[in-house]
Amino acid sequence: MMGSHNQPQIVASVKKSSGRGEYRVLLRDFSDQTVKCEIRIYERGRDHDWEASARHLVIGREYLVAIAEGLLRADALLNAEAAA
Numbered sequence: 056m057m058g059s060h061n062q063p064q065i066v067a068s069v070k071k072s073s074g075r076g077e078y079r080v081l082l083r084d085f086s087d088q089t090v091k092c093e094i095r096i097y098e099r100g101r102d103h104d105w106e107a108s109a110r111h112l113v114i115g116r117e118y119l120v121a122i123a124e125g126l127l128r129a130d131a132l133l134n135a136e137a138a139a
């Protein structure tokens, strides 16, 4: 298990362009005793605290490298298109 009280471990936080939200990459314990990567959008609530939105992805460790490689390829294609 990752830690006490099933608190996720924050691996990265990336601000969204609007400034009102951010993507968080987390490692989280799940009820089946596995640790998985979760990418979740957090937004500022009325009290200005960060609140998890319902929008998220849960990715098992066996898929992380392939998804990361796909994101890097998408980044390269978008950068090549922007440079053209």
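This note's numbering runs 55 ahead of the 1-based position in the sequence shown.
Built from N, CA and C at the ideal position, the CB exists for glycine as well.
### Query
Ends of the beta strand (DSSP E) at Gly76?
Here residue 76 corresponds to residue number 21 of the sequence shown, with the count starting at 1. Taken as a continuous stretch (DSSP letters only), the beta strand (DSSP E) holding Gly76 covers 76-84.
### Straight-line Cα distance separating Arg75 from Asp104
Counting from one through the sequence shown, the residue named residue 104 turns up at place 49. Counting from one through the sequence shown, the residue named residue 75 turns up at place 20. Cα to Cα, Asp104 sits roughly 11 Å from Arg75.
### Query
Mind checking whether Ile114 and Cys92 have CB atoms under 7 Å apart?
For the purposes of this step, residue 114 is taken as residue 59 along the sequence shown, with counting starting at 1. For the purposes of this step, residue 92 is taken as residue 37 along the sequence shown, with counting starting at 1. Yes; because the gap between Cβ atoms is below 7 Å, this pair is in contact.
### Query
Alpha carbon to alpha carbon, what distance is there between Arg79 and Leu106?
In the sequence shown, the residue the question calls residue 106 occupies position 51. In the sequence shown, the residue the question calls residue 79 occupies position 24. The question names Leu, yet the displayed sequence has Glu at residue 106. Going by the C-alpha atoms only, they are around 11 Å apart.
### Task
Could you pull the start and end residues of the beta strand (DSSP E) that Arg116 belongs to?
Against the sequence shown, residue 116 aligns to sequence position 61. That residue, Arg116, is in no beta strand (DSSP E); it is neither H nor E in DSSP.
### Message
Please classify Leu81 as buried or exposed, where buried requires at least 16 other C-beta atoms within 10 Å of its C-beta.
### Response
On the sequence shown, residue 81 is found 26 positions in, with the first residue counted as 1. Under this definition Leu81 is a buried residue.
#### Entry: Cβ shell of Ile122 (< 7 Å), same chain only, five flanking positions each side left out
Against the sequence shown, residue 122 aligns to sequence position 67. Ile114.
### Message
Using the three-state DSSP reduction, which class does Ala135 fall into: helix, strand or coil?
### Response
For the purposes of this step, residue 135 is taken as the residue at position 80 of the sequence shown. Note: Ala135 maps to helix in three-state DSSP.
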